[in-house]
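Numbering (this note's numbering), first residue to last: 552 to 784. All C-beta atoms in this analysis are idealised placements derived from N, C-alpha and C, irrespective of residue type, glycine included.
Written out as structure tokens, the structure reads:
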């Protein structure tokens, strides 16, 4: 199944944007009368008929709609330091979306080598991964924020910090409550500083270990997605 993306669908008739129209009509050779499937990034899954096969402004008519398509029993937010090599960060976004994630916040830490990210490119990675993995929810990508500012924000989620510098028996399974919304902090290549860990713990974060192996930042993020999915299965 090939999925197309259109945000903010609010009527029976609507248009795909130019990029999606071109892919649908020019690349995959769909034509008027064909049935295609579309997601809106907010849980809506649509079966639609092409009524105007314009390659720049394809118009469709909704035949069938499902809401909360593929909705999970938990919400996962990962605040993660962008990697020096941006392709590794894009890999994380892709795999996290495929496995299941709801919100991502790039955090700039004391040991961060990359201080900024370009959201336009990263959002394209998220959209492509959502469509490829047949999901109807598009993860929210927040603006980059300094570590101290992010930690100071108040929220009621279960909160964990992943660090290499912690007892190996301090595992996630001990502390995570099934079906609970959860927030994880994942640090940069040089890990969090001791001051950052202390500050996070003072603000309600539980420091955990993910095992004996030392994982890359992007691997840690993807591993967390898998663990939470497994613990909620």
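Boundaries (first-last residue) of the beta strand (DSSP E) holding residue i
i           : result
residue 613 : 610-617
residue 757 : 757-759
residue 699 : No beta strand (DSSP E) contains residue 699, which is instead part of the alpha helix (DSSP H) from 698-702.
residue 667 : First-last for residue 667: undefined, no H or E at that position.
residue 727 : Careful: residue 727 lies outside any beta strand (DSSP E) and carries neither H nor E.
residue 734 : 733-737
Run of the alpha helix (DSSP H) containing residue i, from where it starts to where it stops
i           : result
residue 768 : 768-782
residue 670 : 670-683
residue 526 : Any question about residue 526 goes unanswered here, given that the chain covers just 552 to 784.
Coil, strand or helix - residue i by DSSP
i           : result
residue 633 : coil
residue 692 : strand
residue 586 : strand
residue 656 : strand
residue 722 : strand
residue 662 : coil
residue 574 : helix
residue 710 : strand
residue 558 : coil
residue 598 : strand
residue 687 : coil
residue 644 : helix
CA nearest to the CA of residue i, picked from the options
i           : options               : result
residue 639 : 740, 573 and 711      : 740
residue 759 : 732, 769, 781 and 709 : 709
residue 626 : 669, 750 and 734      : 734
residue 767 : 552, 580 and 743      : 743
residue 685 : 648, 667 and 712      : 648
residue 634 : 575, 770, 779 and 582 : 770
residue 778 : 751, 727 and 745      : 727
residue 705 : 559, 670 and 753      : 753
residue 750 : 761, 616, 682 and 736 : 736
residue 664 : 641, 688 and 636      : 636
residue 653 : 671, 690 and 618      : 690
residue 748 : 711, 587, 584 and 562 : 711
Status (buried if at least 16 other CB within 10 Å, exposed otherwise) for residue i
i           : result
residue 724 : exposed
residue 590 : buried
residue 716 : exposed
residue 552 : exposed
residue 567 : buried
residue 682 : buried
residue 577 : exposed
residue 762 : exposed
residue 564 : exposed
residue 604 : buried
Straight-line Cα distance separating residue j from residue i
i           : j           : result
residue 697 : residue 659 : 5 Å
residue 593 : residue 756 : 29 Å
residue 765 : residue 714 : 9 Å
residue 572 : residue 579 : 10 Å
residue 628 : residue 555 : 25 Å
residue 570 : residue 745 : 46 Å
residue 813 : residue 699 : The requested residue 813 does not occur in the structure, where the chain is confined to residues 552 to 784.
Within-8 Å CB hit, residue i to chain C
i           : result
residue 738 : As a matter of chain content, chain C is missing from the structure shown, which is built from one protein chain.
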